[in-house]
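Since the structure comes first, as structure tokens, the remarks are kept for the end.
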Amino acid sequence: MMAEFGTPEGLAQAVGYTHVVSVEGARRLVFVAGQVATDASGALVGEGDIGEQARQVYENLGRALAAAGARYSDVLKTTTFIVDYKPDQFGPVRAVRSVVFPQDPPANTTIGVSALFQPGYLIEVEAIAVVT
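Here's what the structure looks like:
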């Protein structure tokens, strides 16, 4: 995959995400539905702990990507939904993202929401990946 990661002139340096990711010669797009903090049996993991939930969310994202023949490094865009978002909540999420995406993190949009589909879930992440 030929991907370019960058911060356009005139935009502040991003921390934990990339402003613009462009792809040339992409062969296959992979769209991963929003992942939440559930284990394989469907039970909530990390009730009340956004950091633990983020860890489980990204573990689930990795499994979903692998099922489609993709890796974390193929992810070009994520959308992160956080319940009752406050800026201090993103620190634990950023810590998990920095392990999952150690360099060239994907473009990301974080959206504060009033609730997710079931009580107890604090974070949901969807992703778009390109596999060559």
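366 is the number of the first residue of the sequence shown in the numbering used here; add one for each residue after it. Backbone N, C-alpha and C fix where the C-beta goes; we use that ideal spot for every residue, glycine too. All of these numbers come straight from a predicted model, not from anything done at the bench.
Boundaries (first-last residue) of the beta strand (DSSP E) holding residue i
i: residue 374; result: That residue, residue 374, is in no beta strand (DSSP E); it is neither H nor E in DSSP.
i: residue 446; result: 440–448
Closest by C-alpha distance to residue i, when choosing among the options
i: residue 329; options: 433, 421, 476; result: An answer regarding residue 329 cannot be provided, because it is not within the stretch 366 to 497 covered by the chain.
i: residue 367; options: 387, 381, 449; result: 387
i: residue 370; options: 384, 378, 419; result: 384
i: residue 463; options: 408, 374, 379, 372; result: 379
i: residue 485; options: 377, 461, 417; result: 417
i: residue 480; options: 459, 450, 460; result: 450
Distance CB(residue i)-CB(residue j) smaller than 8 Å
i: residue 446; j: residue 399; result: yes
i: residue 439; j: residue 426; result: no
i: residue 467; j: residue 381; result: no
i: residue 488; j: residue 405; result: no
Simplified DSSP state of residue i, which is helix, strand or coil
i: residue 419; result: helix
Touching by the beta-carbon criterion (3+ pairs, under 8 Å), the segment 376–394 and the segment 476–495
yes
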